[in-house]
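J.: Chains as they are written, first to last, in this note's numbering: chain A, 55 to 178; chain B, 12 to 145.
Built from N, CA and C at the ideal position, the CB exists for glycine as well.
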Amino acid sequence: MATPLKRARGLGAAHEGTETFWRQRVTAMANIPLVIFLVLSIVSHIGASYAQVKAYLANPIVAVLMLALVISAAVHMRIGLREIIEDYVHAEGCKVLALVATTFFAGLIAIASTLAIVKISLGS
Amino acid sequence: MINKLEAERPLSPHLQIYRPMLTMMMSIAHRITGFGNAVGFALLTWWLVAISIGPDAYATVDAFFLSLIGRVLLFLFTWSLIHHMLGGIRHLIWDTGHGLDKVSIEVFAWATIISSVVLTVLIWVAGYALMGGQ
């Protein structure tokens, strides 16, 4: 028997459930190996030449990991930064502006990094 | 009259009321390192974009990261990443319902602080050693 419960399940008054919580956890899990990869990438390229760094990033495995990292990190940072703003910025106008700025910031990081990695990979 | 009532209504205690505790500091540190990681990713994006533009743009970024402030920022970024990662693993363990007793949370807190510092220093020492101390 179909009841209205079917429509209500998982959807409270906010019309959404635990997506944000879950997305934060999934990106957190992805970020663990990817951040280890990033830290090793940074430390192993201190003072490296342009050609060395470019060749490193052009490697398809490195490029895939780097793309996964910037996308996962951008999603994760947007959630975290919003959480900080929602807790500490109480003036409604400032809060909305800061939340929008956070989305733009995370979006810019994801898009700019992705384009850079793709451009380096394609060797243009 | 209304103002007087508003001023005297009971308020729940906030941060400044409590004696600072390690687990409280770890919670704050998790937020600060999370924010720091966002700043670090802006630097990473700058680095990636410069490499995609060409050697001249890379030279500018490289000079910045090889300067004293650049090196300090990179060191802090890697520590912040590792600290936030270890703190995050702690949260993922808590999500399963484990490690929430009073002893475990203290052990987790100390383990996070000590291992984040030790790991960061070890990684940088190894990195500089491998790169011939540049």
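Quick check: the Cα distance between M12(B) and I43(B), rounded to an integer number of angstroms?
T.: Residue confidence is low: M12(B) scores 48 on pLDDT, short of 50, so the model does not pin down where it sits. Its coordinate-derived value is still stated next. Straight-line Cα distance between these residues: approximately 41 Å.
J.: What alpha helix (DSSP H) runs, 4 residues minimum, are completely inside the stretch 53–86 of chain B?
T.: Complete alpha helix (DSSP H) runs here, min 4: 66–77.
J.: Output the distance between the C-alpha atoms of H144(A) and A152(A), rounded to the nearest integer angstrom.
T.: Distance between the alpha carbons of H144(A) and A152(A) is about 11 Å.
J.: According to a CB-to-CB cut-off of less than 8 Å, which residues of the stretch 31–52 of chain B neighbour chain A?
T.: Cβ contacts with chain A come from R42, G45, F46, N48, A49, F52.
J.: Using a Cβ-Cβ distance under 8 Å, would L77(B) count as near chain A?
T.: So yes, L77(B) belongs to the interface.
J.: Compare the Cα-Cα distances from F46(B) to each of L87(B), D112(B), W105(B) and report the closest residue.
T.: Residue L87(B) is the option with its Cα nearest to F46(B).
J.: Specify, as a first and last residue, the run of the alpha helix (DSSP H) that G134(A) falls within.
T.: Run containing G134(A): 114–142, per the alpha helix (DSSP H) assignment.
J.: State the Cα-Cα distance for the pair T157(A) and V83(B), rounded to the nearest angstrom.
T.: Their backbone Cα atoms lie some 28 Å apart in a straight line.
J.: Taking the C-alpha atoms as reference points, what is the distance between V154(A) and E137(A)?
T.: Each residue's Cα considered, the two are about 13 Å apart.
J.: Nearest-angstrom Cα distance between A53(B) and G98(B)?
T.: Each residue's alpha carbon lies about 22 Å from the other.
J.: Whose Cβ in chain B lies nearer than 7 Å to the Cβ of G77(A)?
T.: Residue 77(A) is actually Arg in this sequence, not Gly. Those do not exist, as R77(A) stays about 14 Å from chain B at its closest Cβ, beyond 7 Å.
J.: Does the stretch 33–40 of chain B come into contact with the stretch 60–69 of chain B, if we say contact requires no fewer than three beta-carbon pairs (one atom in each stretch) closer than 8 Å?
T.: Too few Cβ pairs lie closer than 8 Å, so no.
J.: Buried or exposed: where does M120(A) fall if 16 or more other Cβ atoms within 10 Å of its Cβ makes it buried?
T.: With 16 or more other Cβ atoms within 10 Å, it is buried.
J.: Below 9 Å between beta carbons is the criterion; list the residues of the stretch 89–101 of chain B that meet it against any residue of chain A, in chain order.
T.: Within the stretch 89–101 of chain B, the residues whose Cβ lies closer than 9 Å to some Cβ of chain A are T89, L92, I93, H95, M96, G99, I100, listed in chain order.
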